Amino acid sequence: MAFLKLKNNFFIFFIFLIFFNELVFSQCIDYFDALDHEVKRNVACPLVTDDPSKYSRRAPSSYEDESKIQITEFKCNNATEEICNKVKDTILIAGKIISKTFILKSPIFLSVNYTNLCVVQPDLCKLQGGKVVVIGAAQSAREILLLDDDGLSRYYPQSLVKQYQFKKHPEFAPIDIIATFNSIVNWHFPSDSDIPIQPKQFDMLYIVLHELMHGLGFTSNWQNWFLTGNKNQILITSKPDVVISDNEVIFDEFKETAFDRHLIFNSNYKNLSPVTVKLNDFANPGTKFKNVTDLIQNFLNSKQVVIAENMNNISTTFNSLSSYPKSCYTERAILETTLIPFQNGQSISHFDQSYINSPDFLMTTIQVPGKTLSDLVRQTGATSPIGPKLQAIMECLGYETKRNLIPYRPKLVYPLSGKS
Numbered sequence: 001m002a003f004l005k006l007k008n009n010f011f012i013f014f015i016f017l018i019f020f021n022e023l024v025f026s027q028c029i030d031y032f033d034a035l036d037h038e039v040k041r042n043v044a045c046p047l048v049t050d051d052p053s054k055y056s057r058r059a060p061s062s063y064e065d066e067s068k069i070q071i072t073e074f075k076c077n078n079a080t081e082e083i084c085n086k087v088k089d090t091i092l093i094a095g096k097i098i099s100k101t102f103i104l105k106s107p108i109f110l111s112v113n114y115t116n117l118c119v120v121q122p123d124l125c126k127l128q129g130g131k132v133v134v135i136g137a138a139q140s141a142r143e144i145l146l147l148d149d150d151g152l153s154r155y156y157p158q159s160l161v162k163q164y165q166f167k168k169h170p171e172f173a174p175i176d177i178i179a180t181f182n183s184i185v186n187w188h189f190p191s192d193s194d195i196p197i198q199p200k201q202f203d204m205l206y207i208v209l210h211e212l213m214h215g216l217g218f219t220s221n222w223q224n225w226f227l228t229g230n231k232n233q234i235l236i237t238s239k240p241d242v243v244i245s246d247n248e249v250i251f252d253e254f255k256e257t258a259f260d261r262h263l264i265f266n267s268n269y270k271n272l273s274p275v276t277v278k279l280n281d282f283a284n285p286g287t288k289f290k291n292v293t294d295l296i297q298n299f300l301n302s303k304q305v306v307i308a309e310n311m312n313n314i315s316t317t318f319n320s321l322s323s324y325p326k327s328c329y330t331e332r333a334i335l336e337t338t339l340i341p342f343q344n345g346q347s348i349s350h351f352d353q354s355y356i357n358s359p360d361f362l363m364t365t366i367q368v369p370g371k372t373l374s375d376l377v378r379q380t381g382a383t384s385p386i387g388p389k390l391q392a393i394m395e396c397l398g399y400e401t402k403r404n405l406i407p408y409r410p411k412l413v414y415p416l417s418g419k420s
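354 is the number that my numbering gives to position 354 of the sequence shown; each next residue is one higher, with no gaps.
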């Protein structure tokens, strides 16, 4: 998500709740609100074999281009037709940049909402006396559980799973990425190139491209999921899969994202995934608890709470964690671990702010006002807005590029049996 930096403080709107699967254990999770990871539904996504053209719908003819990223749903509120068209055009330009970097064999479908978030969710503006805090957000519309080569199952964004082109695959949702952008922001659009960007303006192409990278898979499940009410006890874990009913709560496992597979501790270069394995000693899959409070209390009384507390200390210490896709042409990329307290959606899921003056400026936590994407590419000596470390991370997730023609591919996982 993109945020403004106000009075040298970091502000985040979201309060993330414990992850609850509301129906049954499922291979897929659908998300409906780019601003809130908890507006979701577990869905059955059976293994299917069908005509790939089913997922090859085209955008309206007036917006067709060579980009594999297409807008299939677009809501534009509190804006003129001219502005709405500028927003669409900006998103399609971002799609061209992504399509130029990555070889997308299957189209990626977007649902975009351009609206005044200060009207829809007033708390976004109350934090600073009417000033905008959240300017944009995006996430995968569906996550699909796949099995990695280390034996752990992780959640993958549908946009990436489609690129694997499994002969049989989990049924896809009609939308791959959902995105929201705040219409109250003083935006500068690519079509305004003859008008210099002002110091307090934000370049929309810069923000859109940043958010789409999150939707494509640049996001971590290491967050503060257990909200105990004690602000002095923040517990950082990978995402707990839990199913809740009227009379019980059933724990499954702690789960990572595909992005988390390459995270390391900078102190010893060891991977974070063994920590997830240790967290799963908390309870066997299928363990039942009376209610949410009982689950939280049992976790607080377990040995694993020490692990979660230690992960909070690490996740709020500068230069403690990196993404290290060592098999994909790059050195480690230091992640954001300076925010105190830990901030869901910001900590770990971004590059350290020190990269803002490097070719990997795109995925830092705080975006720069008064600069266009082209300005930043030129000033940092980059050859593309998608910097070398970012490209390598996405390649190791499984996105194909000219230098990575045979990308990593996970396997289908229970209960989706069958050969891929």
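Built from N, CA and C at the ideal position, the CB exists for glycine as well. Source: prediction; values computed, not measured.
{"Item": "Coil, strand or helix - E22 by DSSP", "Value": "With a pLDDT of 39 at E22, under the threshold of 50, the predicted position of this residue should be treated as unreliable, and no value is reported."}
{"Item": "Best match in S323, S374, P385, S327 for proximity to A333 [C-alpha to C-alpha]", "Value": "S323"}
{"Item": "Beta-ladder partner(s) of I307, from DSSP", "Value": "BP columns for I307 are empty, so no partner."}
{"Item": "Nonlocal neighbours in the same chain, by C-beta distance under 6 Å from E73, ignoring five residues either side", "Value": "S111"}
{"Item": "When N404, T364, E38, L152 are compared against L412, the one with the closest alpha-carbon", "Value": "L152"}
{"Item": "Cross-strand partners of N145 (DSSP beta bridge)", "Value": "This sequence places Leu at residue 145; Asn is not what is there. Answer by DSSP bridge pairing, in chain order: Y155."}
{"Item": "Supposed contact pair L205 and I93 - C-beta distance, whole angstroms, cut 8 Å", "Value": "6 Å"}
{"Item": "Rounded separation between T383 and N232 - CA only", "Value": "44 Å"}
{"Item": "Short Cβ contact (9 Å threshold) for Y269 with S183", "Value": "no"}
{"Item": "Outcome for L104 when other beta-carbon atoms lying within 10 angstroms are tallied against a minimum of 16", "Value": "buried"}
{"Item": "Straight-line gap, L362 to N280 (C-alpha atoms, nearest Å)", "Value": "34 Å"}
{"Item": "Closest by C-alpha distance to N230, when choosing among I296, S67, P157", "Value": "I296"}
{"Item": "For S347 and E224, the rounded distance between their alpha carbons", "Value": "The amino acid occupying residue 224 in the given sequence is Asn; Glu does not appear at that position. Taking the straight line from one Cα to the other gives about 10 Å."}
{"Item": "Rounded separation between I171 and I393 - CA only", "Value": "Here the sequence assigns Glu to residue 171, which means Ile is not the residue at that position. Answer to the nearest angstrom: the Cα atoms are 26 Å apart."}
{"Item": "L209 vs L397 beta-carbon contact at 9 Å", "Value": "no"}
{"Item": "Cα-Cα separation between L147 and D123, rounded to whole angstroms", "Value": "39 Å"}
{"Item": "For N319, three-class secondary structure by DSSP", "Value": "coil"}
{"Item": "Burial state of R378 (16 or more Cβ within 10 Å)", "Value": "exposed"}
{"Item": "9 Å Cβ cutoff met for I307 and V275", "Value": "yes"}
{"Item": "Nearest to L263 (by Cα), restricted to the options L300, M311, D192", "Value": "M311"}
{"Item": "Exposed unless 16 or more other CB atoms sit within 10 angstroms - verdict on Q165", "Value": "exposed"}
{"Item": "Bounding residues of the alpha helix (DSSP H) (the contiguous stretch that carries N298)", "Value": "292-300"}
{"Item": "Beta-ladder partner(s) of D352, from DSSP", "Value": "None, per the DSSP bridge assignment."}
{"Item": "Nearest candidate by alpha-carbon position, reference A44, set D36, E143, N116, S106", "Value": "E143"}
{"Item": "Presumed contact (8 Å Cβ cut-off) between T287 and F251, rounded CB distance", "Value": "5 Å"}
{"Item": "Nearest neighbour of Y399, chosen from L376, T316, T338, K162 [CA to CA]", "Value": "K162"}
{"Item": "Contact belief for G215 with P157 at Cβ below 8 Å, rounded distance in angstroms", "Value": "7 Å"}
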